[in-house]
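One structure is given here, and the rest of the page talks about it.
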Amino acid sequence: MKGKEKQNSLITFEGAFSINTLSFFGNYIKNILVLNSITKNKLYKIFFELSQNIAYYSLERQVIDSSGSVGIGSFALREFETYILIETFNSVTKKEGKVIVDYCREINKFTSRQLRDLKACKRRHNESKEAGAHIGLVQVCIYSLNQLEYSLKSINSNKATLKLACKINKNYKIK
Amino acid sequence: MENIILHINPDTPYFPGILFDTNGTCELYGESYMEEPYKFYSPLLDWLKDFGNEKKPLIFNFKLSYFNTSTSRIIIELLEILKVSKSKGGDITINWYYSADDPDMKDEIQDFIEEVGIEIIIIESNK
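So, in structure tokens, the structure goes:
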């Protein structure tokens with residue numbers, strides 16, 4: 000049996016993903032974590048894409064005021080020897096969860112060029128002015144150059160916990 | 000038309016700084032990841048359409064260090080407005096400044112150039 004990879008837990012958070020909370024953690028990533036600057040930039044961007052997905056789409060929500068609500072979930076950043084792992088968790092309906100998991104499975108098959116073309120296509124054809132652009136997960140794969148990790152864990156007959164995770168290598172170099 | 004000026008507020012860093020000057024210089028800087036991007040950017044898009052009707056020269060400087068995918072859709076719309084102005088004979092120059100530590104930003108700019116079909120001068124900045 001292989002030994003467990005040595006890891007450090009950098010940040011964990013569970014709660015409402017308000018814009019100010021995300022901004023606080025983004026600031027922490029940008030100014031406190033000690034990482035190669037390219038890696039840090041990638042982590043920063045990926046953090047916002049994944050966490051804003053929770054803010055917009057999580058089934059469990061916290062009412063902010065009369066104008067709306069914000070999604071509830073959790074995220075964790077863990078540091079391994081050669082990469083940082085970001086994991087996010089939020090509740091979804093089982094139906095939505097299956098759609099997202101199928102989408103992740105498809106995205107993971109694409110090359111970088113294909114992902115950029117897919118992003119362009121989605122950007123052009125999504126007429127909705129709602130908050131999310133539906134291309135966040137594609138963008139995460141483009142930034143990380145790694146496949147998305149995903150799982151769906153049943154809570155009850157209708158709901159599940161969606162986990163999305165992404166590795167960000169610590170040794171990116173400028174091409 | 001009036002100028003639109005908004006300075007970056009450290010309490011709300013998800014709103015970019017804005018300088019839209021009727022003398023023909025526009026600048027968008029900082030970060031953009033607010034919750035309702037269309038609400039924020041609609042007046043700016045309207046301003047650019049109105050400015051385009053005046054057929055005066057315009058230099059647009061992008062100095063965004065980060066923007067989320069929701070903002071990227073609006074950037075496409077913004078660039079489309081500039082493209083229309085250019086096609087009507089307007090003198091439009093678009094500069095995009097990016098950091099060498101952010102090669103993904105250079106790729107994004109290239110994607111905008113391809114998607115919209117507009118020239119953008121890409122400038123590596125030391126900032």
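Quick mapping for you: the protein sequence lines, in order, are chains A and B. Just so you know, numbering that gives the first Met the number 0 puts the end of the first sequence at 174, numbered straight through with nothing missing. Just so you know, numbering that gives the first Met the number 0 puts the end of the second sequence at 126, numbered straight through with nothing missing. Positions of the beta carbon are idealized from the N, C-alpha and C atoms, including for glycine.
So, is ILE120/B buried or exposed, given that buried needs 16 or more other C-beta atoms within 10 angstroms?
The count along the second sequence starts at 1 and reaches residue 120/B at position 121. So ILE120/B ends up on the exposed side.
Beta-bridge pairing of THR24/B - partner residues as DSSP gives them
As a first step, residue 24/B is located in the second sequence; it is residue number 25 there, counting from the start. According to DSSP, which records beta bridges pairwise, THR24/B is partnered with ASP20/B, ILE58/B.
Tell me whether TYR32/B sits in a helix, a strand or coil according to DSSP, three-state version.
Numbered from its first residue, the second sequence carries residue 32/B at position 33. In this structure, TYR32/B counts as coil in the three-state DSSP scheme.
Quick one: which unbroken alpha helix (DSSP H) runs of 4-plus residues sit fully inside the region 50–95 of chain B? Chain order, please.
68–86
Let me know the beta strand (DSSP E) ranges lying completely inside the region 64–95 of chain A, each 3 residues or longer, listed in chain order.
67–79, 82–92
Would DSSP call THR11/A helix, strand or coil?
On the first sequence, position 12 is the one that residue 11/A refers to. Three-state result, THR11/A: strand.
According to DSSP, is LYS172/A part of a helix, a strand, or is it coil?
Within the first sequence, residue 172/A is the residue found at index 173, counting from 1. The answer is coil: DSSP assigns LYS172/A none of H, G, I, E or B.
Does chain A have any CB closer than 8 angstroms to the CB of TYR65/B?
Translated into positions along the second sequence, residue 65/B becomes position 66. Yes - at least one Cβ of chain A is within 8 angstroms of the one on TYR65/B.
Which of helix, strand or coil DSSP assigns to SER163/A
In the first sequence, counting from the first residue as 1, residue 163/A sits at position 164. Note that residue 163/A is Leu in the sequence shown, not Ser. Residue state, collapsed to three classes: strand.
Excluding sequence positions up to five away, which residues of its chain have a Cβ less than 8 angstroms from the Cβ of ALA170/A?
Start at 1 with the first residue of the first sequence, and residue 170/A comes out as number 171. What sits at residue 170/A in the sequence shown is Asn, not Ala. Excluding positions up to five away in sequence, the list reads ASN35, THR38, THR81.
What first and last residue would you give for the beta strand (DSSP E) that runs through GLU107/B?
Mapped onto the second sequence, residue 107/B falls at position 108. Looking at the DSSP string, GLU107/B is not in any beta strand (DSSP E); the run it does join, the alpha helix (DSSP H), is 102–111.
The alpha helix (DSSP H) enclosing LYS121/A, as first and last residue numbers
Residue numbering aside, residue 121/A sits at position 122 when the first sequence is read from its first letter. Where LYS121/A is concerned, the enclosing alpha helix (DSSP H) stretches over 111–124.
Please report whether the beta-carbon of ASP103/B lies at a distance below 8 angstroms from any beta-carbon of chain A.
For this step, residue 103/B is matched to residue 104 along the second sequence. Yes, because at least one Cβ of chain A sits closer than 8 angstroms to the Cβ of ASP103/B.
Could you spell out where the beta strand (DSSP E) holding GLU148/A opens and where it closes?
Residue numbering aside, residue 148/A sits at position 149 when the first sequence is read from its first letter. Taken as a continuous stretch (DSSP letters only), the beta strand (DSSP E) holding GLU148/A covers 148–153.
Whole-angstrom distance between PRO56/B and ASP101/A, CA atom to CA atom
Here residue 101/A refers to the residue found at position 102 of the first sequence. Here residue 56/B refers to the residue found at position 57 of the second sequence. Going by the C-alpha atoms only, they are around 48 angstroms apart.
From the beta carbon of GLU48/A, is the nearest beta carbon of chain B less than 8 angstroms away?
Within the first sequence, numbered from 1, the residue matching residue 48/A stands at position 49. Yes, GLU48/A counts as interfacial toward chain B.
Assuming ILE73/B and TYR40/B form a contact by the criterion Cβ under 8 angstroms, report the distance between their Cβ atoms to the nearest whole angstrom.
What you label residue 73/B is simply residue 74 of the second sequence in a count that begins at 1. What you label residue 40/B is simply residue 41 of the second sequence in a count that begins at 1. Between TYR40/B and ILE73/B the Cβ distance is about 5 angstroms, and since that is below 8 angstroms, they are a contact.
By DSSP's criteria, SER22/A is part of a beta bridge. Which residues make up the other side?
Within the first sequence, numbered from 1, the residue matching residue 22/A stands at position 23. In the DSSP output, where bridge partners are listed per residue, SER22/A has none listed.
Chain A contact for SER71/B (CB, 8 angstroms cutoff)
In the second sequence, residue 71/B corresponds to position 72, counting from 1. True, the Cβ-Cβ gap to chain A drops below 8 angstroms.
Chain-ordered neighbours of LYS33/B on chain A, where CB pairs are closer than 8 angstroms
Against the second sequence, residue 33/B aligns to sequence position 34. With the sequence shown as reference, residue 33/B is identified as Met, and Lys is not the correct amino acid for it. By Cβ distance, chain A contributes ILE18.
Could you work out which residues of chain A lie near ILE75/B, taking near to mean beta carbons separated by less than 7 angstroms?
Within the second sequence, residue 75/B is the residue found at index 76, counting from 1. Here the neighbours are ARG122.
TYR32/B and ASN60/B closer than 8 angstroms at C-beta
On the second sequence, residue 32/B is found 33 positions in, with the first residue counted as 1. On the second sequence, residue 60/B is found 61 positions in, with the first residue counted as 1. No.
Short Cβ contact (8 angstroms threshold) for TYR163/B with LYS44/A
In the structure displayed, chain B extends from 0 to 126; residue 163/B sits before or after that span and is not available.
Do you know whose CA, among VAL98/A, CYS103/A, VAL137/A, lies nearest LEU117/A's CA?
Here residue 117/A corresponds to residue number 118 of the first sequence, with the count starting at 1. Ranking the options by Cα distance to LEU117/A, first place goes to VAL137/A.
Excluding the 5 residues preceding and the 5 following ILE154/A in the sequence, name in chain order all residues of the same chain whose CB lies nearer than 8 angstroms to its CB.
The residue you call residue 154/A lines up with position 155 of the first sequence. Answer for ILE154/A: SER90, THR160, listed in chain order.
Pick from GLY72/A, LEU49/A, ILE63/A, LEU114/A that is closest to CYS165/A, judged by C-alpha positions:
Translated into the one-based positions of the first sequence, residue 165/A becomes position 166. Measuring from the Cα of CYS165/A, the nearest candidate turns out to be LEU49/A.
Do three or more CB pairs link the region 11–28 of chain B to the region 72–87 of chain A at distances below 8 angstroms?
no
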